[in-house]
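Following: one structure in structure tokens, then a few remarks.
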Amino acid sequence: MDSEASDLLNELQVKLNSVLDDLSSTFGNSFQSQMRECMRQMASLLYQIKGPLNDNTKNQVEADSDNMLRPLMDFLDGKLTLFATVCEKTVLKRVLKELWRIVMTSLEKNIVLPQGNDTFGAQILSAAKELGQLSKLKDHMAGEAKSLSLRQCAVMDVALDTIKQYFHAGGNGLKKAFLEKSPELSSLRHALSLYTQTTDTLIKTFVSSQHAQVHNGKGIRFTPNEKIQPSRGSCVDKPIGEVCVHIELYTHPKSGERKVTAKVVGASDLKWQTSGMFRPFVEITMIGPHLSDKKRKFQTKSKNNSWSPKFNETFHFILGNQDGFECYELQLCVKDYCFGRADSVVGVAVVQLRDIKGNCACWCPLGYRLHMDDTGLTATRILSQRSNDDVAKEFVRLKSETRSAEEGT
Numbered sequence: 001m002d003s004e005a006s007d008l009l010n011e012l013q014v015k016l017n018s019v020l021d022d023l024s025s026t027f028g029n030s031f032q033s034q035m036r037e038c039m040r041q042m043a044s045l046l047y048q049i050k051g052p053l054n055d056n057t058k059n060q061v062e063a064d065s066d067n068m069l070r071p072l073m074d075f076l077d078g079k080l081t082l083f084a085t086v087c088e089k090t091v092l093k094r095v096l097k098e099l100w101r102i103v104m105t106s107l108e109k110n111i112v113l114p115q116g117n118d119t120f121g122a123q124i125l126s127a128a129k130e131l132g133q134l135s136k137l138k139d140h141m142a143g144e145a146k147s148l149s150l151r152q153c154a155v156m157d158v159a160l161d162t163i164k165q166y167f168h169a170g171g172n173g174l175k176k177a178f179l180e181k182s183p184e185l186s187s188l189r190h191a192l193s194l195y196t197q198t199t200d201t202l203i204k205t206f207v208s209s210q211h212a213q214v215h216n217g218k219g220i221r222f223t224p225n226e227k228i229q230p231s232r233g234s235c236v237d238k239p240i241g242e243v244c245v246h247i248e249l250y251t252h253p254k255s256g257e258r259k260v261t262a263k264v265v266g267a268s269d270l271k272w273q274t275s276g277m278f279r280p281f282v283e284i285t286m287i288g289p290h291l292s293d294k295k296r297k298f299q300t301k302s303k304n305n306s307w308s309p310k311f312n313e314t315f316h317f318i319l320g321n322q323d324g325f326e327c328y329e330l331q332l333c334v335k336d337y338c339f340g341r342a343d344s345v346v347g348v349a350v351v352q353l354r355d356i357k358g359n360c361a362c363w364c365p366l367g368y369r370l371h372m373d374d375t376g377l378t379a380t381r382i383l384s385q386r387s388n389d390d391v392a393k394e395f396v397r398l399k400s401e402t403r404s405a406e407e408g409t
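Numbering of the sequence shown is given in full-length UniProt numbering, commencing with residue 1 and proceeding in unit increments.
This is how it looks when you write it as structure tokens:
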């Protein structure tokens, strides 16, 4: 076969594969409503499993898993028996891959991390302005947004292995390597692993992984002290102001106890419009593990009608000696004090202590809201379901702070 004919056949093969992939995706998506009903029934069965995970209940996990999987297996058995009869082998493999993807993503979105729709990231940042409003965040989440117990997580682990074996079909279905390496399975397993972690561990995971919460992690400038003004640096999109805080880190030489001293120097060039008096103040909060019994939040006094207010107020945070400074961050939120109603958010900034060497002044451009990657969203979503945990509720409120769209410029 000459090279021209070979190239033409290869091009046709690529086009054929692309068409088959598109058809498989369309075909798989036609089962979404049936899949949602399967997931609803499975979630109901899973949430009925009560009690702790111990030696007595471990023997029951496999039976619980089989019972929970019944709606899904009944659906798959009926469809795949038909597909195996009428589909050519190459087409069948593509259909199987698409069904696998749909099953994995449906399990994550409807059972492990139930959510209203794919705009959860925006919702979590606009809901829950106050601790008492965390229930509103949960209203956005579809189904029964319940926190899975260790026993229920164990049932899910067994269920995943069963589903994987089903799609492998003793070597007649999808290859084990494809199933194990699929991003959908990895995402689901990662979510389950986070689910079983403590609140402290989840917050530590968040701080350690979220390096670009405001202005893509750029814009903060450091000087030896607040008297030394930094250069303007790279411009940020839509600047709404800046806050300056002097941070000093201290570790006790014997006990290893860590302490952070933060002096809120002031804010500058605040972009804010209000019909009444503007009374800006700064709320400063330490975020990290092992702080449930420690003072985590302070706020400055408010200043009247000043768009570049000076505060010069110093606050002390005790962290303990269990984790290093790299596991902590300071969140600064400039607010407009409003008597008799909720204070309005002007802008937010985050300083991660891993970036601080000894002591220095940090000049932080304010952002409209905080941004998270998938790991951050997953951790925050899980914490939002822990309605009886004050630290978790406070964390979700903090990460939900957003500048009101109706205010400012």
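Positions of the beta carbon are idealized from the N, C-alpha and C atoms, including for glycine. Predicted model only: the values in this text are computed from it and were never measured.
- The three-state secondary structure of residue 300, taken from DSSP, is coil.
- For residue 61, the enclosing alpha helix (DSSP H) covers residues 61-86.
- Three or more pairs of CB atoms, one per stretch, sit closer than 8 Å, so the stretch 145-165 contacts the stretch 41-58.
- Residue 100 sits in a helix when the DSSP states are folded into three classes.
- Excluding its 5 nearest sequence neighbours in each direction, residue 61 has C-beta neighbours in its own chain below 6 Å: 154, 155 and 158, listed in chain order.
- A straight line joining the alpha-carbon of residue 262 with that of residue 353 spans about 11 Å.
- The count of Cβ pairs closer than 8 Å, one atom from the stretch 386-406 and one from the stretch 243-259, stays below three, leaving the stretches out of contact.
- The residue from 197, 163, 92 and 193 with its alpha-carbon nearest to that of residue 179 is 163.
- Here residue 247 carries a strand assignment [DSSP, helix/strand/coil].
- For residue 396, the uninterrupted alpha helix (DSSP H) run begins and ends at 390-399, by DSSP.
- Straight-line measurement puts the Cα of residue 188 at about 11 Å from the Cα of residue 103.
- Scanning its chain for C-beta atoms nearer than 8 Å, with the 5 sequence neighbours on each side dropped, one finds around residue 224 the residues 360 and 361, in chain order.
- About 19 Å separates the beta carbons of residue 391 and residue 213, which is beyond the 8 Å limit, so they are not a contact pair.
- Pairwise C-beta distances place the stretch 167-186 out of contact with the stretch 326-340, as fewer than three of them are shorter than 8 Å.
- Note on geometry: alpha-carbon atoms of residue 308 and residue 302 lie some 12 Å from one another.
- By the Cβ rule, the stretch 190-200 does not count as touching the stretch 336-344, because fewer than three pairs are nearer than 8 Å.
- Nearest Cα to residue 108 within the set 402, 87 and 39: 39.
- Just measuring C-alpha positions, the residue of 370, 300 and 207 sitting nearest residue 265 is 300.
- Per DSSP, residue 209 is one residue of the alpha helix (DSSP H) stretching across 199-209.
- Residue 388 and residue 190 have their C-alpha atoms spaced approximately 24 Å apart.
- Spanning the alpha carbons of residue 272 and residue 237 requires a straight line of approximately 16 Å.
- In this structure the stretch 272-281 does not lie against the stretch 249-261, because fewer than three pairs of beta carbons, one per stretch, are closer than 8 Å.
- Taking the Cα positions, residue 341 is about 45 Å away from residue 183.
- Between residue 186 and residue 375, the beta carbon gap of about 12 Å keeps them out of contact (Cβ cut-off 8 Å).
- In this structure residue 221 is in contact with residue 363, their Cβ atoms being roughly 5 Å apart against a cut-off of 8 Å.
- Sixteen is the threshold: since fewer than 16 other Cβ atoms of the shown chains lie within 10 Å of the Cβ of residue 181, the residue is exposed.
- In the DSSP annotation of this structure, the continuous segment of the alpha helix (DSSP H) that includes residue 183 starts and ends at 183-195.
- Ranking 278, 287, 294 and 267 by CA distance to the CA of residue 311 puts 267 first.
- In this chain, the alpha helix (DSSP H) harbouring residue 159 covers 150-168.
- Secondary structure remark: continuous beta strand (DSSP E) runs of at least 3 residues inside the UniProt domain "C2" (239-368), in chain order: 242-251, 258-268, 280-287, 297-299, 310-320, 329-336, 344-352 and 359-365.
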